[in-house]
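Chains as they are written, first to last, in our numbering: chain A, 11 to 393; chain B, 11 to 393. Structure first, then comments.
Below, the structure is given as structure tokens:
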């Protein structure tokens, strides 16, 4: 019986910090199989990933992952608590036994904190513009602790999801090292930099990433940043869609549709547009997610439908991963997809197919992101 | 009292054939004022115009036009009979006395032909894929004449509209000279070439166009052809819109939405996409119009609403044009717009504003196509 450990990741792109995390998780848990739940072509902040899900799956496989599953768009591009819940739901369906994750404060007992919070599941499942501050006020009252760091907040989300879903999964936080999530600069020494710094750097980043990622970076990003190639599509969309129809977009509320549409007329560049759109009540990430939903025409119905019908989408596997899969897939509690066909495309996979096809279009790829693809298989030289 | 003559045009771009037509019309009718009803930023075949409506208005004013009005999108981008009807409706509201237009067969009496056709106004007002052939079969039975040439067919449309609208407008067909509408090559001799040949030519076309147009051409087209810059937007739109929503697009019927959507997944280039989409039942122009409606999100409701609320939109005038306008505008039977404000934009001008804003975006113009603009005034040196 192979022991497993699970990681929840974006790998945008895969760097030495991720490698350290993966190897430490395996060592700490004495696991045989590392299961990675990775965001697909879009990441939590509402941006397209630097490389598509297949390239990033390959990076993960080349660096020790045994199974890579796609965290569906309907979980991956969400506020932290829904991201966390979606990921835990997927891992629970796979029957994983333990999740190891990096946090800013490994000394906290996140399960304990989550248990002490008054259960307001209804409130935590829908987005609220004052969520972060309301959450912290409540948490501080109940526990004396405030969570201001992004990975601590995610960890709380995992704990909350485990309680709510009654999942039999052990949570193992580990201390994050060196680079903070928001560090935009490459450190002068060491081999670990933040993904943000690596994405933004124009200098050589070979020191901070494994060989596969260095090769991928050398070929250039798959897509331009949101503010470049995606902005003309968004602006076009805003100008050709009525405010009434925009109001159906997921998380478009409080009249944001009017504000966004008006700004699309006034400003031809993304920075000025965002300056006009953002307010104190909405975080940049929230606005950017709503803009991405708009660009991809993700309505309330689309998102709720996708959240109500989760599926497991296998992106890649090693020999060990395949062995584990053979033994365990009969116990999976959600449908496992390893190939997308036209029937799925028109059915429950429609949203995922759609958002991936736009990524493919912006990538300029003649190859479909889903149909005709099979999960990647790593060479497993080390096995 | 200034005598007027009206022309119905696209000027895409304004060339020597147009100049000849304008001058001949003025001479034939002994008119003081030449009124031009010109397509705006999009032309009848479902394509963006080479230059925007302001640049083309200027070309017309520099070459003898006294008043330039915009044929609204809801008339300009339509099958021939609706194009013709929309233009006549506008000119009737202006109170013009005569329309002079080029045809392939000036010997026909188009009013007579139209009178002899069984009146089937209902059928002629909606598009039918077999319209051209059904029309000609019926016409040949009633009159012994077939109309196969585009300007003859338009002329019939003017005549039919005049009968149906009971308009007191004289129709004066003149024989078209030299270049046929569909001639794609520049003629070796002479000074007249088709607009198609001029648009497609990479050679110097100064011999075929007046000075203003030559200057405009030297600066390059305002937008790329439909198959270039517009195709990524169309493909994006098709991939992010459900077949159900696509079915609301004007003239999208007989399951065309499924055919088009499917093709958008399979083909990344416009030519292959069109090869897949076109059938014997639909002309290229019809398909291209539906694609343009799709790109601009023009629904049945949008179009019928715009057709039900026509307005006169002044784009430019000369001194003589201004004098004529002062005397006659009190008798106009439709609202005259010379400035678009935000109220109009959100009201009856919404469709026109929307389609123009997308043209402006593709042009890369920071300046709005409507708001903040006033009609162009020609210098009128010759007056």
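Beta carbons: idealized from backbone N, C-alpha and C, even for Gly.
Take residue 234 of chain A as the anchor and find which of A:222, A:213 and A:209 has the nearest alpha-carbon. The option with the nearest alpha carbon to residue 234 of chain A is A:209.
Could you confirm whether any beta carbon from chain A is found closer than 8 Å to the beta carbon of residue 373 of chain B? With its beta carbon at least 8 Å from every one in chain A, residue 373 of chain B lies outside the interface.
Any beta carbon of chain B sitting closer than 8 Å to that of residue 246 of chain A? Contact of residue 246 of chain A with chain B is assigned, a C-beta pair being separated by under 8 Å.
What number of angstroms, rounded off, separates the C-alpha of residue 314 of chain B from the C-alpha of residue 336 of chain A? Looking at the two C-alpha atoms, the distance is approximately 59 Å.
Could you name the residues of the same chain whose beta carbon sits closer than 7 Å to that of residue 157 of chain B, not counting the 5 residues immediately before and after it, in chain order? Annotation for residue 157 of chain B: 146, 149, 163 and 166 place their beta carbon closer than 7 Å to its own, counting only its chain and skipping 5 residues before and after.
Please classify residue 274 of chain B as buried or exposed, where buried requires at least 16 neighbouring CB atoms within 10 angstroms. With a 10 Å radius around the Cβ and a threshold of 16 neighbouring Cβ atoms, residue 274 of chain B comes out buried.
Mind pulling the chain B residues with CB within less than 8 Å of residue 2 of chain A? Since the first residue shown for chain A is 11 and the last is 393, residue 2 of chain A is missing from the structure and cannot be characterised.
If we call anything under 8 Å between Cβ atoms a contact, is residue 54 of chain A one with residue 111 of chain A? No, the pair does not count as a contact, with Cβ atoms beyond the cut-off.
Are the Cβ atoms of residue 77 of chain B and residue 359 of chain B separated by less than 8 Å? For the 8 Å CB-CB criterion, residue 77 of chain B and residue 359 of chain B do not form a contact.
Please check the pair residue 56 of chain B and residue 295 of chain B, which I expect to be a contact at CB under 8 Å, by giving their CB distance rounded to whole angstroms. Indeed, because the Cβ distance is near 6 Å, the residues count as touching under 8 Å.
Neighbour-count burial assignment, residue 387 of chain B, 16 or more Cβ in a 10 Å radius: So residue 387 of chain B counts as exposed.
Which term fits residue 187 of chain B, buried or exposed, when burial requires 16 or more other beta carbons within 10 angstroms of its beta carbon? Around the Cβ of residue 187 of chain B, a 10 Å sphere holds fewer than 16 other Cβ atoms; the residue is exposed.
Any chain A beta carbon closer than 8 Å to residue 82 of chain B: Chain A, which has no Cβ nearer than 8 Å to the Cβ of residue 82 of chain B, makes this no.
Can you tell me whether residue 173 of chain A is helix, strand or coil according to DSSP? DSSP places residue 173 of chain A in the helix class (H, G or I) of the three-state scheme.
What runs of the beta strand (DSSP E), each 3 residues or longer, lie entirely inside the stretch 310 to 383 of chain B? The qualifying runs are 322 to 327.
Checking contacts by CB at 8 Å: is residue 306 of chain A closer than that to chain B? At a cut-off of 8 Å between C-beta atoms, residue 306 of chain A counts as an interface residue with respect to chain B.
Tell me which same chain residues have a C-beta within less than 7 Å of the C-beta of residue 310 of chain A, skipping the five on either side of it? So the qualifying residues of the chain are 258 and 260.
Pull the bridge partners of residue 44 of chain A from the DSSP assignment, please. According to DSSP, residue 44 of chain A bridges with A:15.
Going by beta carbon distance, what residues of the same chain come within less than 6 Å of residue 67 of chain A, once the five residues before and after it are set aside? Within the same chain, residue 67 of chain A has close Cβ partners 78, 325, 326 and 386.
Using DSSP's beta-bridge definition, name the partner residues of residue 185 of chain B. According to DSSP, which records beta bridges pairwise, residue 185 of chain B is partnered with B:113.
For residue 135 of chain B and residue 90 of chain B, what's the separation of their Cα atoms in angstroms? Any reading at residue 135 of chain B must be qualified, since the residue scores a pLDDT of 40, below 50, and its modelled position is unreliable; the value itself is stated next. Their backbone Cα atoms lie some 10 Å apart in a straight line.
Residue 218 of chain B to residue 197 of chain B, Cα distance in whole Å? Each residue's alpha carbon lies about 9 Å from the other.
Residue 399 of chain A by DSSP, collapsed to three states: which one? The requested residue 399 of chain A does not occur in the structure, where chain A is confined to residues 11 to 393.
Could you tell me the boundaries of the beta strand (DSSP E) in which residue 78 of chain B lies? Bounds of the beta strand (DSSP E) holding residue 78 of chain B are 77 to 81.
Let me make sure I understand the geometry here. Which of A:381, A:384 and A:24 has the alpha-carbon closest to that of residue 202 of chain A? When only C-alpha atoms are compared, the closest one is A:24.
Starting from residue 294 of chain B, trace the alpha helix (DSSP H) both ways and give me its first and last residue. Unbroken alpha helix (DSSP H) run through residue 294 of chain B: 294 to 305.
Whose Cβ in chain B lies nearer than 8 Å to the Cβ of residue 77 of chain A? The premise fails here: residue 77 of chain A is roughly 29 Å from chain B at the closest Cβ pair, so nothing lies under 8 Å.
Does residue 364 of chain B get closer than 8 Å to chain A when you measure Cβ to Cβ? Cβ-Cβ to chain A under 8 Å: yes for residue 364 of chain B.
From this set, A:49, A:65, A:14 and A:39, which residue's C-alpha is nearest residue 375 of chain A's C-alpha? The shortest Cα separation from residue 375 of chain A among A:49, A:65, A:14 and A:39 belongs to A:65.
Exposed or buried, residue 342 of chain B, counting other C-beta atoms within 10 Å across all chains shown (16 or more means buried)? It counts as exposed.
Residue 386 of chain B (DSSP reduced to helix, strand or coil): In the three-state reduction of the DSSP assignment, residue 386 of chain B falls in the strand class.
Using only CA atoms, which one of A:262, A:333 and A:317 lies nearest to residue 304 of chain A? Of the listed residues, the one whose Cα sits closest to residue 304 of chain A is A:262.
Using a beta-carbon distance cut-off of less than 8 Å, what residues from the stretch 273 to 288 of chain A approach chain B? Answer set for the stretch 273 to 288 of chain A: 275 and 278.
Below 8 Å between beta carbons is the criterion; list the residues of the stretch 231 to 244 of chain A that meet it against any residue of chain B, in chain order. Going along the stretch 231 to 244 of chain A in chain order, one finds 242 and 243 with a Cβ nearer than 8 Å to chain B.
Identify whether residue 132 of chain B lies in helix, strand or coil by the three-state DSSP scheme. At residue 132 of chain B, the pLDDT of 42 sits below 50, so the modelled position is not reliable and the matter cannot be decided from this model.
How far does the alpha helix (DSSP H) with residue 290 of chain A in it extend, from its first residue to its last? Per DSSP, residue 290 of chain A lies in no alpha helix (DSSP H) and is assigned neither H nor E.
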